[in-house]
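Our numbering numbers the first residue of the sequence shown as 2 and each following residue consecutively. Cβ coordinates follow ideal geometry from the N, Cα and C atoms, glycine included.
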Amino acid sequence: MELDTYISSNYPSKAAFAREVGVSPAQVTQWISKGFIVINGELYSPRRELETQLPTPSKSDGAVFIAYSNSGARGSQGEFNLAEIISGRRHAYVYKAESQALAKRWMRKYSHNPATNNRVAEVISESDARLIEPDQSEYITVDREYFDA
Numbered sequence: 002m003e004l005d006t007y008i009s010s011n012y013p014s015k016a017a018f019a020r021e022v023g024v025s026p027a028q029v030t031q032w033i034s035k036g037f038i039v040i041n042g043e044l045y046s047p048r049r050e051l052e053t054q055l056p057t058p059s060k061s062d063g064a065v066f067i068a069y070s071n072s073g074a075r076g077s078q079g080e081f082n083l084a085e086i087i088s089g090r091r092h093a094y095v096y097k098a099e100s101q102a103l104a105k106r107w108m109r110k111y112s113h114n115p116a117t118n119n120r121v122a123e124v125i126s127e128s129d130a131r132l133i134e135p136d137q138s139e140y141i142t143v144d145r146e147y148f149d150a
C-alpha cells in the first residue's frame, strides 16, 4: 500500500503519523515523494528495502490477502491499480498467506516485475479479496510448503 494511503487510512494527519513514528513531518513528505510503501506494517523503499517497522493500529496474526496481476493492472504512472481489478476490468489472482511472515516473504520475492520494476502485487483486505474472487476456494494458499516447491 502506498505510504500516503496508509497514513490517510490510519492517522488524522501526516504530522500525527510522524509523531508516532518519531520522525519529522518533512521526512514523511520525503518518503511519500520517493514512493515508499507499507507492507504489513513495515515501511519499504521502492526497491523493497526494509526501512522501519511502523506502529500499526490493527496488526493481526491471521491470514493476509495479496492481489497479484501482471496483466496491465497498473495505472498511468506504473503503480498497481486495485480499482481496475475490483471493477473487473483486469484479472488478478488472490493469494492467502497463512501468516504475516509468509506474506512478507512472498511480497519480497514476487511483488515486482523484474523486467519493468513495476509493482504487480499488493496486500489487500479480506473484503477486497472477496470482491475479486468471491469463491474462497479459489485463493492460492501461501504456506511453508509454497516456498519449498
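Reducing DSSP to helix, strand and coil, say where residue i ends up.
i, result
"residue 16", "helix"
"residue 21", "helix"
"residue 3", "strand"
"residue 111", "helix"
"residue 98", "strand"
"residue 43", "strand"
Bridge partners of residue i, per DSSP?
i, result
"residue 64", "None; residue 64 has no bridge partner."
"residue 8", "Its beta-bridge partners do not exist; DSSP assigns none."
"residue 141", "96"
In the DSSP assignment, find the beta strand (DSSP E) that holds residue i and state where it starts and stops.
i, result
"residue 123", "122-125"
On the CB-based measure, 16 or more other CB atoms within 10 Å of its CB, does residue i come out buried or exposed?
i, result
"residue 120", "buried"
"residue 46", "exposed"
"residue 105", "buried"
"residue 35", "exposed"
"residue 146", "exposed"
"residue 130", "buried"
"residue 77", "Unreliable positioning characterises residue 77 in this predicted model, as indicated by a pLDDT of 49, which lies under 50. A coordinate reading is not provided."
Between which two residues does the alpha helix (DSSP H) containing residue i stretch?
i, result
"residue 147", "145-149"
"residue 34", "26-34"
"residue 84", "83-87"
Cβ atoms of residue j and residue i: under 9 Å apart, would you say?
i, j, result
"residue 141", "residue 96", "yes"
"residue 27", "residue 68", "no"
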